[in-house]
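Read through the structure below, which is laid out as structure tokens, and then see the notes.
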Amino acid sequence: MTPDDIRSQRFATRLVRGLSPEEVSAFLEDVAEAFENIQRANAGLASRVKMLEDQIHALSEHEAPAAPVLRDSPAPATSPVEILRAATLREIEALLHDAQAQAQTIIDSATEREATLVREGEALKAQSQREADELLAGAAARAAALVAAAHDEEAALRTEIARLSQSHVELVDSIRTTLDTYHQWLATIDPRGRARGRREAFESGADGHEPVAPTLEVRVG
Numbered sequence: 013m014t015p016d017d018i019r020s021q022r023f024a025t026r027l028v029r030g031l032s033p034e035e036v037s038a039f040l041e042d043v044a045e046a047f048e049n050i051q052r053a054n055a056g057l058a059s060r061v062k063m064l065e066d067q068i069h070a071l072s073e074h075e076a077p078a079a080p081v082l083r084d085s086p087a088p089a090t091s092p093v094e095i096l097r098a099a100t101l102r103e104i105e106a107l108l109h110d111a112q113a114q115a116q117t118i119i120d121s122a123t124e125r126e127a128t129l130v131r132e133g134e135a136l137k138a139q140s141q142r143e144a145d146e147l148l149a150g151a152a153a154r155a156a157a158l159v160a161a162a163h164d165e166e167a168a169l170r171t172e173i174a175r176l177s178q179s180h181v182e183l184v185d186s187i188r189t190t191l192d193t194y195h196q197w198l199a200t201i202d203p204r205g206r207a208r209g210r211r212e213a214f215e216s217g218a219d220g221h222e223p224v225a226p227t228l229e230v231r232v233g
């Protein structure tokens with residue numbers, strides 16, 4: 013894997029809101045830069061090791077052959093080549109230790125960041141689910157209220173229609189009764205405008221009043 017592979021990595025998002033693309037891109041950029049630093053450090057270490065090995069090899073070639081060791085002579089002191097080799101090894105070990113520590117720090121940071129992103133993603137998912145549930149519950153409650161109101165309005169309209177129908181029937185009956193009464197009264201009027209069957213009473217002055225037409229009264233319920 014190269015730093016360019018890290019930068020170009022894309023992740024599929026299946027959450028309602030998902031992770032922030034900007035944060036993911038920034039995180040990948042940081043990891044890529046850290047990876048580049050490690051690669052440069054390793055390249056520098058390899059170059060340093062090669063240079064030190066060349067120096068050791070050159071010193072070994074130019075070192076004079078050791079004098080014969082006498083049986084009872086003391087052990088010779090460490091040669092400059094051995095001293096340089098030991099110092100080089102210590103330096104290489106220190107550099108490798110530092111590089112490994114830096115790499116582990118980067119890995120730990122990346123792991124922690126990944127865990128943080130996962131937690132944030134799960135939190136966003138849970139929040140989105142709660143919001144969706146609340147929206148659905150609110151919509152269901154409003155729909156139920158609208159249905160109940162529609163049923164109440166329908167019942168009120170049916171009651172009003174029944175009342176108006178009854179009033180209409182009563183009005184028609186009242187009009188018919190009044191018309192029948194008026195027709196009966198008209199039938200008692202002679203061409204001279206007097207009520208038939210009562211002429212003798214009028215001529216004899218029994219009551220002294222002209223016949224009166226019935227009152228046309230219509231009651232509306």
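Just so we're aligned, residue 13 is where the sequence shown starts under our numbering, counting upward by one. Every residue gets a Cβ at the ideal spot worked out from N, C-alpha and C, and that includes glycine. The model shown is predicted, which means the values in this text are computed figures rather than measured ones.
Going straight from the alpha carbon of residue 118 to that of residue 100, what length do you get? Taking the sequence shown and counting its residues from 1, the one referred to as residue 118 is at position 106. Taking the sequence shown and counting its residues from 1, the one referred to as residue 100 is at position 88. If I take the Cα positions, the gap works out to 27 angstroms.
query: By how many angstroms is the C-alpha of residue 193 removed from the C-alpha of residue 7?
result: For the chain, the structure presents residues 13 to 233; residue 7 sits outside this window and is missing.
Report task. Measure the C-alpha to C-alpha separation of residue 200 and residue 185 and round it to an integer number of angstroms. Result -> In the sequence shown, counting from the first residue as 1, residue 200 sits at position 188. In the sequence shown, counting from the first residue as 1, residue 185 sits at position 173. Residue 200 and residue 185: Cα-Cα distance of roughly 23 angstroms.
Three-state secondary structure (DSSP) of residue 186:
Taking the sequence shown and counting its residues from 1, one reaches residue 186 at position 174. The answer is helix: DSSP assigns residue 186 an H, G or I state.
* Asked: From residue 151 to residue 134, what does the alpha carbon distance come to, in whole angstroms?
  -> Position 139 of the sequence shown holds residue 151. Position 122 of the sequence shown holds residue 134. Each residue's Cα considered, the two are about 25 angstroms apart.
> Three-state secondary structure (DSSP) at residue 20?
Replying inline: Residue numbering aside, residue 20 sits at position 8 when the sequence shown is read from its first letter. Coil, per DSSP.
Looking at residue 115: is its Cβ nearer than 8 angstroms to the Cβ of residue 50?
Counting from one through the sequence shown, the residue named residue 115 turns up at place 103. Counting from one through the sequence shown, the residue named residue 50 turns up at place 38. Contact: yes.
Rounded to whole angstroms, what is the Cα-Cα separation between residue 232 and residue 147?
Position 220 of the sequence shown, counting from 1, holds the residue named residue 232. Position 135 of the sequence shown, counting from 1, holds the residue named residue 147. Low confidence applies to residue 232: its pLDDT is 46, below 50, so where it sits in the model is not reliable, and the reading given next is rough at best. Approximately 52 angstroms, taken between the alpha carbons.
- From residue 97 to residue 104, what distance separates their C-alpha atoms? Here residue 97 refers to the residue found at position 85 of the sequence shown. Here residue 104 refers to the residue found at position 92 of the sequence shown. Roughly 10 angstroms separates the two Cα atoms.
* To do: Give the DSSP-derived three-state secondary structure of residue 91 in the structure shown.
  => Residue mapping note: residue 91 aligns to position 79 of the sequence shown, counting from 1. DSSP places residue 91 in coil when its eight states are reduced to three.
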